[in-house]
Amino acid sequence: MAKLHSYREGGRGIGAAAALELARLGAKVAVNYVRQAESAQAVVDRIRQAGGEAALAKADVRDPEQVREALDSIRAAWGDIDILVNNAHMSFVMKPVMGMQWEELAQKLNDEMKAAFTLTQAVLPAMTERKYGRMIYVSSNAADTPVPYMAAHGSAKAALEAFVKYVALESAPYGVTANIVSPGLVETEASSVTPEAVKQQLAAMTPMQRVALPDDLSGAIAFFCRRGEPVRHRQLHESERRHPYGLVPPADT
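Mapped onto full-length UniProt numbering, the consecutive letters of the sequence shown carry residue numbers 1 to 253.
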């Protein structure tokens with residue numbers, strides 16, 4: 001993987017874990033951020049200290065112009081991008097459906113889909129021209145399994161998953177794959193606002209009786225980035241420990 005270039009969205013949590021794992025495997029990693037420059041820089045520094053190549057990129061991934069400028073900078077330094085890991089965290093309200101305003105639901109739907117749509121359209125043309133590319137989208141099993149107060153999040157992730165299936169269908173003839181990694185609750189800064197009762201309920205639904213950790217996801221993401229015979233489309237539910245390929249053991253085993 002020494003020549004792979006990865007455009008990451010996110011400098012913390014799942015994003016940081018994935019960036020570190022891809023760099024460990026030899027990828028040149030661009031870590032994107034919007035506000036948390038220090039967190040993103042810390043990931044870049046860790047990669048460089050370990051002998052890898054990494055750079056910062058700053059773009060609101062919902063903004064096509066900002067994304068274009070960031071990608072142009074990456075391409076100027078490293079050449080074409082072979083891997084896209086879409087893990088943009090879009091905030092949402094935690095309310096029951098009956099207590100939610102349409103604008104609150106619409107904001108999450110629009111933010112989630114615009115980020116995925118914008119990034120996909122930005123990298124896919126060059127990938128199809130070269131007949132190679134790997135695109136991984138981080139979703140949530142809230143798209144399939146209803147979780148209290150997560151209607152906005154689950155609905156947006158369900159839309160994302162439908163979108164990725166169409167991307168996979170259209171891009172497969174060109175040697176480009178699109179896959180989903182769909183965890184349950186992951187212990188990150190973003191999930192720290194989740195009520196403790198909800199965390200305990202979700203942990204009780206897993207064989208290990210705990211929520212997922214970012215490192216649990218990094219192996220799954222790296223798996224879909226590999227060269228060789230591609231997986232055309234697969235949806236991997238990491239936190240439920242449903243590992244059809246047997247390649248992503250829990251972090252503490």
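By construction, the Cβ of each residue, glycine as well, lies at the ideal position given by its N, Cα and C atoms. Note that the coordinates shown come from a computational prediction; the quantities given were computed from them, not determined experimentally.
Sorting R226, A76, K114 by C-alpha distance to the C-alpha of V164 places K114 at the top. Here the alpha carbon of A17 sits roughly 6 Å from the alpha carbon of P214. Boundaries for V85: no alpha helix (DSSP H) harbours it, while the beta strand (DSSP E) harbouring it runs 83 to 86, taken from the DSSP string. The alpha-carbon separation between R210 and A197 amounts to approximately 13 Å. Taking C-beta separations shorter than 6 Å and ignoring five residues to either side along the sequence, the partners of M94 in its chain run Y149, following chain order.
Closest by C-alpha distance to Y132, out of T177, A23, G15, P146, is T177. For Y166, the secondary structure class from DSSP, reduced to helix, strand or coil, is helix.
Note: V186 is bridge-paired with A212 in the DSSP secondary-structure output.
Only residues of its own chain outside the window of five on either side were considered, and among them A54 have a CB closer than 8 Å to the CB of R48, listed in chain order. In the three-state scheme derived from DSSP, where H, G and I count as helix and E and B as strand, S91 is classed as coil. Between Y137 and L160, the gap from beta carbon to beta carbon is short of 8 Å.
Take the alpha-carbon of A122 and the one of V97: they are about 34 Å apart.
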